[in-house]
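I have placed the structure first, in the form of structure tokens, so that the comments after it can refer back to it.
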Amino acid sequence: MTHPKTCKAVVLERYNAPFVIRDVQIPETLEPGAILVKIEVASVCGSDVHLWTGELAQLVAQDLPLVPGHEMVGRIAELGAGVTHDSVGNALAVGDRILWSHASCGKCHNCKVLNQPTLCTERKFYGFTRSLNTAPYINGGFAEYCYVLPTSGVVRVPDEVKSEWASSVGCALRTVMNGFDRLDDIGGLAFTDTVVVQGAGPLGLYTTAVCSRRGPGTIIVIGGPANRLEVAKAWGATATIPIEDYPTPEARIARVKELTGGRGASVVFEMSGAHHAFAEGLEMAAMGGKYVSVGPVGGPKTSIPAEMITRKNLTIAGVFSADIKHYYRGLEFVRRYRHEIDFDLLISSSYAMADINVAIDNMHHFRDVKSVIRMQGDTP
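Mapped onto the numbering used here, the consecutive letters of the sequence shown carry residue numbers 3 to 382.
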């Protein structure tokens, strides 16, 4: 099967500099187990903004120039030898839409013994680390094509799920699904629980949606701007705490206590990534509460009141990324609840590839809830 020798791609050449559009090489042949995907849409994540500013370099080393983008969905253009089914057993064919995970080695201690491929010591990330000057070159989703490595998990996108929805499943919702797995590890979520969600970005909004289908009667979302909190209400929040109206930690903590009868929340999700939020969330947690930390991935070090963890008998779970089962569960969640939850509310803007810098700027300044980039042509 023949495919183009090059494709258009967004390229990060320098931190804090405008992205450029370049022709990037496509490998001539596919190794066994690999897949070449023609990208339909890719959504912009807060991590893409942090990549652009250079903040992510504190977490993972980057080899510039690179093709960014890690929330993408596309159609199979070519299958490498031996690829017949996805990771959950669905048959695959050219033209099918798929999502795929970052590539884990399957051989290290974390993969084999801990069974946690998200912690793989040899993990290969899409859109974050690998230079476009090194094969297979097209390593990110902000491009017309992407090369899926043989060790990536793959799942076919159900016909009922729009590509715009599926792209955000590929980061935000799959991470939330891992967060609920980790919550289940420390006691789970009961219908009697009161929940606080710190952050009203895609992570916080999807957390709200999943919580609303798991039974707790009180779901409080803290964040802003107002347009994001409106989505939170539509997706199941019973109360919101706008940071514009409650600008200090003391005010937000007091409001949570007021809404929970003075006890605090039995379950707190940190989904904002704000460096001050973790200590604030500990204050919001009730005695014997559970705290799930997903948002923080970098930034300045913060002071944590460790004695509060002890005194309150808190249980804390950290969550990093997700593996292919969480992509599958995320897609199934969207497919199952698409008539009950308006997932279109998350997608605030759609851009052509040529407008990538506008899209990044709008995400950087919170003008968009979630934006998608069309990788094939300039028409919506």
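Built from N, CA and C at the ideal position, the CB exists for glycine as well.
- Task: Evaluate Q60 with the Cβ neighbour count: other Cβ atoms within 10 Å of its Cβ, from every protein chain shown; 16 or more gives buried, anything less gives exposed.
- Result: By the neighbour-count criterion, in which a residue is buried when 16 or more other Cβ atoms sit within 10 angstroms of its Cβ, Q60 is exposed.
- What residue from F144, T304, K126 has the CA that sits closest to A11's CA? Ranking F144, T304, K126 by Cα distance to A11 puts F144 first.
- Query: Roughly how many whole angstroms lie between the Cα atoms of V374 and V43?
  - Reply: Inter-residue distance for V374 and V43 is about 6 Å (C-alpha atoms, whole angstroms).
- Backbone secondary structure at R369 - three-state DSSP: Of the three classes helix, strand and coil, the one that applies to R369 here is coil, per DSSP.
- Helix, strand or coil for V13, going by three-state DSSP, please let me know. Looking at V13 - three-state DSSP - the assignment turns out to be strand.
- From I245 to V46, what distance separates their C-alpha atoms? Put simply, the backbone Cα of I245 is about 23 Å away from that of V46.
- Item | Segment limits, alpha helix (DSSP H) that includes W167 | Where W167 is concerned, the enclosing alpha helix (DSSP H) stretches over 165-170.
- Task: Would you be able to state if there are at least three C-beta pairs under 8 Å between the region 57-77 and the region 177-192?
- Result: In short, these stretches do not touch, since the Cβ pair count stays below three.
- C-beta contact flag for I324 and T177 at 7 Å: The displayed chain sequence assigns Ala, not Ile, to residue 324. Yes.
- From this set, N92, I23, P218, which residue's C-alpha is nearest L14's C-alpha? Taking the Cα of L14 as reference, the smallest distance to any Cα among N92, I23, P218 is reached at I23.
- Item | Where L68 sits in the DSSP three-state scheme | Looking at L68 - three-state DSSP - the assignment turns out to be strand.
- Item | Residue burial classification, P119 (beta-carbon count within 10 angstroms, cutoff 16) | Classification of P119: buried, given that the 10 Å Cβ count is 16 or more.
- Check whether the Cβ atoms of G133 and M74 lie closer than 7 Å to each other. For clarity, residue 133 is Ser in the given sequence; the question names Gly instead. With respect to the 7 Å criterion, S133 and M74 are not classified as neighbours on the basis of their beta carbons.
- Query: From what residue to what residue does the alpha helix (DSSP H) around F326 run?
  - Reply: Checking the sequence, you will find Ile at residue 326 rather than Phe. Counting along the chain, the alpha helix (DSSP H) containing I326 begins and ends at 326-339.
- Per DSSP, the bridge partner or partners of A319: When beta bridges are read from the DSSP output, A319 appears opposite V294.
- Message: Tell me the DSSP secondary structure of Y208 in three-state form.
- Response: Y208 carries a helical assignment under DSSP once its states are collapsed to helix, strand and coil.
- Message: At the 7 Å Cβ level, is G56 part of the contact set with chain D, yes or no?
- Response: This model lacks chain D altogether; it includes just one protein chain.
- Using the beta-carbon count (16 or more within 10 Å), is V233 buried or exposed? By the 10 Å Cβ count, V233 comes out buried.
- Item | N- and C-terminal bounds of the beta strand (DSSP E) containing P244 | 241-244 is the extent of the beta strand (DSSP E) around P244.
- Query: Run through DSSP, which three-state label would T177 get?
  - Reply: The three-state reading of DSSP puts T177 in helix, counting H, G and I together.
- Item | Where the alpha helix (DSSP H) through C113 begins and ends | Where C113 is concerned, the enclosing alpha helix (DSSP H) stretches over 111-114.
- Own chain partners of A236 with C-beta closer than 7 Å, once the 5 adjacent residues on each side are dropped: The answer, listed in chain order, is D344, L347.
- Beta-carbon contacts of P138 that lie in its chain and below 6 Å, excluding the five residues immediately before and after: P29, Y149, listed in sequence order.
- Going by DSSP, what residues sit across from S154 in a beta bridge? In the DSSP assignment, S154 is bridged to A105.
- What alpha helix (DSSP H) runs, 4 residues minimum, are completely inside the region 216-293? As far as the region 216-293 is concerned, its whole alpha helix (DSSP H) runs of at least 4 residues are 228-236, 251-261, 279-286.
- I think T131 touches Q64, with their Cβ atoms under 8 Å apart; what is that distance to the nearest whole Å? Right, the Cβ-Cβ distance comes to about 6 Å (below 8 Å), so this counts as a contact.
- Item | Distance between I326 and E309 (C-alpha atoms, nearest Å) | The alpha-carbon atoms of E309 and I326 are separated by roughly 37 Å.
- Query: Secondary structure at P382, three-state DSSP: helix, strand or coil?
  - Reply: For P382, the predicted model reports a pLDDT of 37, less than 50, meaning its position is unreliable; a value from the coordinates is still stated below. Of the three classes helix, strand and coil, the one that applies to P382 here is coil, per DSSP.
- Who are the Cβ neighbours of G290 in its own chain at under 6 Å, not counting the five residues just before and after it? Cβ within range, chain order: N315.
- Query: Whose C-beta lies closer than 7 Å to the C-beta of K259 among residues of the same chain, with five residues either side of it excluded?
  - Reply: For K259, same chain residues with a beta-carbon under 7 Å away, outside a window of 5 residues either side, are G266 in chain order.
- Would you mind reading off the limits of the alpha helix (DSSP H) that contains L53? Note, L53: alpha helix (DSSP H), 48-55.
- Neighbourhood of G97 by C-beta, 7 Å cutoff - its chain only, sequence neighbours within 5 removed: Contacts found: R77, I78.
- What distance in whole Å lies between the Cβ atoms of L81 and L66, which are believed to be in contact at a cut-off of 8 Å? 31 Å between Cβ atoms; not a contact.
- Task: Within its chain, find whatever has a CB closer than 7 Å to the CB of G386; leave out the 5 residues flanking it on each side and keep chain order.
- Result: Only positions 3 to 382 of the chain appear in the structure, and residue 386 is not among them; the question remains open.
- Message: For S45, list the residues DSSP reports as bridge partners.
- Response: According to DSSP, which records beta bridges pairwise, S45 is partnered with V374.
- Query: Under three-state DSSP, which class holds R313?
  - Reply: Helix, per DSSP.
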